[in-house]
Amino acid sequence: MQTARNQPGHLHLLRLKDGSPWLHMCIRHAETAAYLMDEAELDDLIVDALLEEDTRSRVRLRDDGIMVLLKAMHLKGEEMAKPEDMVSIRLWLTPGNVITTREADVDPVIEIASRLIAGEGPETPGAFLADLVEEHLREIAEQVEMLEDATDEIARLINLHQSEQACPNMADTETRISGFLRHLNPQRPVLETLSTHPHPVIGDRERAQLDDALNRLLRFLETLQNLRERIAILNDQVERIQDRHLSRSSYVFAAVATIFLPLGFVSGMFGVNLPGIPLETMASGFWALFAICVGLVAVVIGLLRWNKML
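Just add 48 to the spot in the sequence shown (first one is 1) and you have the numbering used here.
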């Protein structure tokens, strides 16, 4: 492995199996731009794309090469990111050369570099691109499977009437699904272009690999969209359960108030400190009042039951 650390901005310089150089650079170094323009003699539009910080996945086919901007996961290394917070990788490929730039290394780049160091890895720039996309989608497949498991667990908790435990997981899962969809949707036209438009960089074998990668990506997008819809349905289900609980509680409070309202009126009337209060002179006046209250409660409960309100 040639690290090329004596060149500011150079992270490593490796050789593909056909001898094509792969130069990996960091866009945080000011010298990177100068090298790309002066040494690599790239077009200004290509240099701008390779140095762009806030990128969106896209592809540009040119007579002299292919520019590809993708986003992939950064789960390895010191500056790990969340799976759904993908990191940009920028590529410029010609039939005999590969240049990539980054802010933080994405996992597919780390994997391909380790394979080349071990004497394996892609043979040509086209194979490099196909392998990078394949490794990227392999990680996506693992994350999609984890999201499916998380959604199944949320549904299980809801069915067990454990909505309080399901709600935090639901919000986190929905956020992750939205993050993946946000980054993966723009990659669909990229793979469509690469798999359908002939170019000297991409051979027939690599084009077939990219077409297979496109089909896998479409399947992942469909799965993620279905998961998002399922999460929305589960969220509605939780809201309906909570509404029923709230309605039941409100109904109980209303029924209790209906029962005790007459008691409050009667006890209030008998509590007035004025002459002539009924039962005032009776020795068993309290018990008579108590019997009246019990009778009122029985009548009110009977009326509520008769009207099927209890």
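Virtual Cβ for every residue (Gly too), placed ideally from N, Cα, C.
- Item | Integer Cβ distance of L109 from R138, believed to fall under 8 angstroms | As a first step, residue 109 is located in the sequence shown; it is residue number 61 there, counting from the start. As a first step, residue 138 is located in the sequence shown; it is residue number 90 there, counting from the start. Not confirmed; about 15 angstroms, so no contact.
- Item | 6 angstroms Cβ shell around V154 - same chain, five flanking residues per side excluded | Position 106 of the sequence shown, counted from the start, is the residue given in the question as residue 154. These residues qualify, in order along the chain: A120, H122, V135 and I137.
- With a threshold of 16 other CB atoms inside 10 Å of the CB of M194, please say whether the residue is buried or exposed. To locate residue 194, count along the sequence shown from 1; it is residue 146. Exposed: under 16 other Cβ atoms inside 10 Å.
- Query: For L62, which residues from the same chain have a beta carbon less than 8 angstroms from its beta carbon, with the 5 sequence-adjacent residues on both sides left out?
  - Reply: On the sequence shown, residue 62 is found 14 positions in, with the first residue counted as 1. Its chain contains M49, Q50, P69, W70, H72, A161, L164 and I165 as the residues whose beta carbon lies nearer than 8 angstroms to that of L62, once the 5 sequence neighbours on both sides are disregarded; these appear in chain order.
- Sufficient close CB pairs (3 or more, under 8 angstroms) joining the stretch 200-214 to the stretch 163-183: Look at the beta carbons and you see the stretch 200-214 not touching the stretch 163-183: under three pairs across the two are nearer than 8 angstroms.
- Task: Identify whether A166 lies in helix, strand or coil by the three-state DSSP scheme.
- Result: For the purposes of this step, residue 166 is identified with residue 118 of the sequence shown, where counting begins at 1. Coil.
- Message: Between the alpha carbons of D86 and T148, how many angstroms are there, rounded?
- Response: Residue 86 sits at position 38 when you count from the first residue of the sequence shown. Residue 148 sits at position 100 when you count from the first residue of the sequence shown. Those two C-alpha atoms are separated by around 16 angstroms.
- Query: How many angstroms separate the CA atom of V192 from the CA atom of V345?
  - Reply: Stepping through the sequence shown from its first residue, residue 192 is reached at position 144. Stepping through the sequence shown from its first residue, residue 345 is reached at position 297. Taking C-alpha positions only, V192 is separated from V345 by approximately 59 angstroms.
- Just tell me which of S297, H293, R288 and I340 has its CA closest to the CA of F313. Start at 1 with the first residue of the sequence shown, and residue 313 comes out as number 265. Ranking the options by Cα distance to F313, first place goes to I340.
- Message: What does the Cβ neighbour count give for V361, buried or exposed, with the cut at 16 atoms within 10 Å?
- Response: With the chain running from 49 to 358 in the structure shown, residue 361 is simply not present.
- Message: Could you pull the DSSP bridge partners for N145 from this structure?
- Response: Within the sequence shown, numbered from 1, the residue matching residue 145 stands at position 97. In the DSSP secondary-structure assignment, N145 is bridged to T142.
- Specify the secondary structure class of D284 as computed by DSSP and reduced to three states. For this step, residue 284 is matched to residue 236 along the sequence shown. Three-state result, D284: helix.
- Task: For D252, count neighbouring C-beta atoms within 10 Å of its own C-beta (all shown protein chains included) and say buried if the count is 16 or more, exposed if not.
- Result: Your numbering for residue 252 matches position 204 in the sequence shown. Exposed, by the Cβ-count rule.
- If you count every other CB in all the chains shown that lies within 10 Å of the CB of W354, and 16 or more means buried, which is it? The sequence position of residue 354 within the sequence shown is 306, counting from 1. It is exposed - the Cβ of W354 has fewer than 16 other Cβ atoms within 10 Å.
- Local conformation of I202 per DSSP, three classes: Translated into the one-based positions of the sequence shown, residue 202 becomes position 154. The answer is helix: DSSP assigns I202 an H, G or I state.
- Item | Terminal residues of the beta strand (DSSP E) in which A120 lies | Locating residue 120 in the sequence shown gives position 72, where the first residue counts as 1. A120 -> beta strand (DSSP E) spans G113 to A120.
- Item | Continuous alpha helix (DSSP H) stretch holding H231: start and end | If you number the sequence shown from 1, residue 231 lands on position 183. From DSSP, the alpha helix (DSSP H) with H231 extends over S211 to L232.
- Message: At the level of alpha carbons, what is the spacing between H245 and L258?
- Response: Along the sequence shown, read from residue 1 onward, the residue named residue 245 stands at position 197. Along the sequence shown, read from residue 1 onward, the residue named residue 258 stands at position 210. Cα to Cα, H245 sits roughly 11 angstroms from L258.
- Query: In three-state DSSP terms, what is I250?
  - Reply: Along the sequence shown, read from residue 1 onward, the residue named residue 250 stands at position 202. Three-state result, I250: strand.
- Query: Would DSSP call S315 helix, strand or coil?
  - Reply: Position 267 of the sequence shown holds residue 315. In the structure shown, S315 sits in a helix (DSSP, three-state: H, G or I).
- Near R112, which residues of its chain fall below 7 angstroms by C-beta distance, leaving aside the five closest residues on each side in sequence? For the purposes of this step, residue 112 is taken as residue 64 along the sequence shown, with counting starting at 1. A quick correction: the sequence has Asp, not Arg, at residue 112. Excluding residues up to 5 positions away in sequence, T142 lie with their Cβ nearer than 7 angstroms to the Cβ of D112 in the same chain.
- For E277, does the count of other Cβ atoms within 10 angstroms reach 16, so buried, or fall short, so exposed? Within the sequence shown, residue 277 is the residue found at index 229, counting from 1. By the 10 Å Cβ count, E277 comes out exposed.
- Message: Quick check on the DSSP output: the beta strand (DSSP E) that includes L93 runs from which residue to which?
- Response: In the sequence shown, residue 93 corresponds to position 45, counting from 1. Where L93 is concerned, there is no enclosing beta strand (DSSP E), although the alpha helix (DSSP H) it sits in stretches over D92 to L99.
- Message: Ignoring anything shorter than 3 residues, give me the beta strand (DSSP E) runs that lie fully in the stretch 55-80, in order along the chain.
- Response: 58-63 and 69-74
- Item | Nearest to G227 (by Cα), restricted to the options Y83, W140, P131 and D96 | Counting from 1 along the sequence shown, the entry for residue 227 is found at position 179. The option with the nearest alpha carbon to G227 is P131.
- Using the Cα positions of N145 and L84, report the straight-line distance between them to the nearest angstrom. On the sequence shown, position 97 is the one that residue 145 refers to. On the sequence shown, position 36 is the one that residue 84 refers to. Cα to Cα, the separation comes out at about 13 angstroms.
- Message: Can you look up L258 in the DSSP assignment and give me helix, strand or coil?
- Response: Locating residue 258 in the sequence shown gives position 210, counting from the first residue. Reduced to three states, the DSSP call for L258 is helix.
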